[in-house]
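Accompanying notes for the structure given below.
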Amino acid sequence: MSRATGRGFENIVFAMEFLKRQNQLVCGELRDTTPGLNAHGKHVIVVGGGNRQIAFSI
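Quick note: the sequence shown, position 58, residue 160 per the numbering used here, numbers continuous.
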């Protein structure tokens with residue numbers, strides 16, 4: 103399996119990292135101390151998520 107070009111670029115966030123932190127924020131288990139993990143007002147690209155996952159991200 104090859105690695106995607108740009109994988110190490112700035113502002114690349116993997117779904118599991120984002121979703122885990124987002125769920126912790128919603129449940130009150132975590133304060134938002136990482137501004138890069140807030141997608142509000144940003145352009146977001148979902149790579150390899152499939153139709154269902156993309157629908158949930160909108």
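Note that the Cβ used here is the ideal one computed from N, Cα and C, for glycine as well.
Linking V148 to F120 through their CA atoms gives a straight-line distance of about 12 angstroms. If you compare the alpha carbons of R105, E131, Q124 with that of H142, the shortest gap goes to Q124. Membership of K144 in any alpha helix (DSSP H) is not indicated, and neither H nor E is assigned to it by DSSP. Counting along the chain, A117 sits inside the alpha helix (DSSP H) bounded by residues 117-128.
Secondary structure at G110: coil, using DSSP grouped into helix, strand and coil.
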